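Undergrad:
Number of protein chains: 2
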Amino acid sequence: MSDPPHSVDPVQLGAYFALVEVSSLLRHAIEQQLHDDAGLTFVRFQILRRLQLSTTGSHRMTDLADAIVFSRSGLTYQAGLLEKDGLVVRARSADDERGVTISITDAGRALVEAVLPGHEEVVTGMLFEPLSREDARTLTDLLEPVREHMRAAPPRSASSRRRKGTST
Amino acid sequence: MSDPPHSVDPVQLGAYFALVEVSSLLRHAIEQQLHDDAGLTFVRFQILRRLQLSTTGSHRMTDLADAIVFSRSGLTYQAGLLEKDGLVVRARSADDERGVTISITDAGRALVEAVLPGHEEVVTGMLFEPLSREDARTLTDLLEPVREHMRAAPPRSASSRRRKGTST
DNA sequence: TATTGTTATACTCTATAACTATA
DNA sequence: TATAGTTATAGAGTATAACAATA
Numbered sequence: 101m102s103d104p105p106h107s108v109d110p111v112q113l114g115a116y117f118a119l120v121e122v123s124s125l126l127r128h129a130i131e132q133q134l135h136d137d138a139g140l141t142f143v144r145f146q147i148l149r150r151l152q153l154s155t156t157g158s159h160r161m162t163d164l165a166d167a168i169v170f171s172r173s174g175l176t177y178q179a180g181l182l183e184k185d186g187l188v189v190r191a192r193s194a195d196d197e198r199g200v201t202i203s204i205t206d207a208g209r210a211l212v213e214a215v216l217p218g219h220e221e222v223v224t225g226m227l228f229e230p231l232s233r234e235d236a237r238t239l240t241d242l243l244e245p246v247r248e249h250m251r252a253a254p255p256r257s258a259s260s261r262r263r264k265g266t267s268t
Numbered sequence: 101m102s103d104p105p106h107s108v109d110p111v112q113l114g115a116y117f118a119l120v121e122v123s124s125l126l127r128h129a130i131e132q133q134l135h136d137d138a139g140l141t142f143v144r145f146q147i148l149r150r151l152q153l154s155t156t157g158s159h160r161m162t163d164l165a166d167a168i169v170f171s172r173s174g175l176t177y178q179a180g181l182l183e184k185d186g187l188v189v190r191a192r193s194a195d196d197e198r199g200v201t202i203s204i205t206d207a208g209r210a211l212v213e214a215v216l217p218g219h220e221e222v223v224t225g226m227l228f229e230p231l232s233r234e235d236a237r238t239l240t241d242l243l244e245p246v247r248e249h250m251r252a253a254p255p256r257s258a259s260s261r262r263r264k265g266t267s268t
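Chains G and R, in that order, are what the protein sequence lines are.
Sequential numbering from 101 applies to the first sequence in the numbering used here.
Sequential numbering from 101 applies to the second sequence in the numbering used here.
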């Protein structure tokens, strides 16, 4: 019972548990702050933030879905909510008539700007209070390769469609 | 426009983004593996794992809810599902007649044991492939204080029973 | 009176499959 | 035929508030 065939590195296990717990607690706190301050969910905030960080303020729907690990229909749903509030706009892509380009509006930018301070306050207070700046850098250095590694493996939102009816 | 009143440490910001993205991607992958291999959600798996790790194989409901950052009603719901499948049992606490003690069953332990290898495979493959053992230890060393710090702050989910040392 | 856990409810979110249109 | 996005649908999960029982 306590000696299963799979010998796990306890160090890894500890890191994994800590990561899960920390991100879970952080996520909860963020979710609440965003909700209270701007009526935003974390998902919608992420969408807005991604758009805002983009040079063009725009993204292709599928790309965005991939970036946030979402099904396309899920993104359509969230985009609909954001659009209804005037925070984003959708339009057919210029280069590809099949595509849809979602763009952040001025109101969207303003909202992000308005929430950011409180958002960062939560993040700073919860995540970085016990960490030095150097620690933060170390954390990034550790997680950045992991992120790239995870992104390299393609759990794409589009792949689900491909693997499905493709008996051909 | 590029000089808002809130000056954020870009290093911290990077660490935060990386953490969010990594944990999100990891969570998705885990969720899928647990579902495919055992029909478990991440939340239910966490409940079982917590119980299994406990010396007694048991926990008080509220304690468990706190541990997993859940509302008590949410835990009641999940516990109901687990109990229906014979993976846990609930009984009135011996010392406190108001309380309920939830315990993992043999079937529950067996299921956890059965899923663990695949689970760890996912975690190892996604999270630790780009990390050395030393990196993993560093990661833990960074996140452990954060976890404790977060735990020290009053959890929002437990607001209804927040009278710890406050007021009165 | 405060706390524990459950219930009832209402709501949000997510994924799947079918559908339209473009490539 | 394959891809991009939407829609319809259906199910799961969560929190809140009211409630019963115990401290």
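Every residue gets a Cβ at the ideal spot worked out from N, C-alpha and C, and that includes glycine.
Just so we're clear, the structure is a prediction, and the values are computed from it rather than from any experiment.
With a threshold of 16 other CB atoms inside 10 Å of the CB of R:T201, please say whether the residue is buried or exposed.
TA: buried
Undergrad: Distance check for R:L211 and R:V111, CA to CA, integer angstroms please.
TA: 42 Å
Undergrad: Quick one: which chain R residues come within Cβ less than 8 Å of G:D235?
TA: L242
Undergrad: Counting contacts by CB-CB distance shorter than 7 Å, is G:A252 in contact with chain R?
TA: no
Undergrad: Might you give, ordered along the chain, the residues of its own chain that have their beta carbon closer than 7 Å to the beta carbon of G:F142, omitting 5 neighbours on each side?
TA: R127, I130, E131, L134
Undergrad: Consult DSSP for G:A191 and reduce its assignment to one of helix, strand or coil.
TA: strand
Undergrad: Can you tell me the Cα-Cα spacing of G:E220 and R:P245, whole angstroms?
TA: 19 Å
Undergrad: Here's the rule I'm using: 16 or more other beta-carbon atoms within 10 Å means buried, otherwise exposed. How should R:L153 be labelled?
TA: Exposed: under 16 other Cβ atoms inside 10 Å.
Undergrad: In three-state DSSP terms, what is G:L205?
TA: As written in the sequence, residue 205 of chain G is Thr, which differs from the Leu given in the question. Looking at G:T205 - three-state DSSP - the assignment turns out to be coil, as it is neither helix nor strand.
Undergrad: Given this structure, state the Cα-to-Cα distance separating G:Y116 from R:T240, to the nearest angstrom.
TA: 8 Å
Undergrad: With H, G and I counted as helix, E and B as strand and the rest as coil, what does DSSP make of G:V169?
TA: Reduced to three states, the DSSP call for G:V169 is coil.
Undergrad: Roughly how many angstroms lie between the CA atoms of R:D195 and G:I147, to the nearest whole one?
TA: 49 Å
Undergrad: Compare the beta carbon distance of R:A207 and R:G186 with 7 Å and say whether it is the shorter of the two.
TA: yes
Undergrad: How would you call R:R233, buried or exposed, if buried means at least 16 neighbouring beta carbons within 10 angstroms?
TA: exposed
Undergrad: Going straight from the alpha carbon of G:V108 to that of R:L216, what length do you get?
TA: Near 10 Å, if we compare the C-alpha coordinates of R:L216 and G:V108.
Undergrad: Does the separation of the CB atoms of G:H159 and R:P230 fall below 7 Å?
TA: Taking 7 Å as the Cβ cut-off, G:H159 and R:P230 do not qualify as a contacting pair.
Undergrad: Taking the C-alpha atoms as reference points, what is the distance between G:A138 and G:L227?
TA: Approximately 21 Å, taken between the alpha carbons.
Undergrad: Just to check my reading of the structure: R:L175 and R:M161 have Cβ atoms closer than 8 Å, yes? What is that Cβ distance to the nearest angstrom?
TA: 6 Å
Undergrad: List the residues that DSSP assigns as beta-bridge partners of R:S158.
TA: R:S203
Undergrad: Using a beta-carbon distance cut-off of less than 9 Å, what residues from the stretch 107-129 of chain R approach chain G?
TA: Residues passing the 9 Å Cβ filter: V108, D109, V111, Q112, L113, G114, A115, Y116, F117, A118, L119, V120, E121, V122, S123, S124, L125, L126, R127, H128, A129.
Undergrad: At a Cβ cut of 8 Å, what residues of the stretch 192-204 of chain G count as close to chain R, listed as they run along the chain?
TA: Of all residues in the stretch 192-204 of chain G, none has a Cβ within less than 8 Å of some Cβ in chain R.
Undergrad: Just confirm the distance between the C-beta atoms of G:S203 and G:G157, as a whole number of angstroms; I'd bet it's less than 8 Å.
TA: 5 Å between Cβ atoms; contact.
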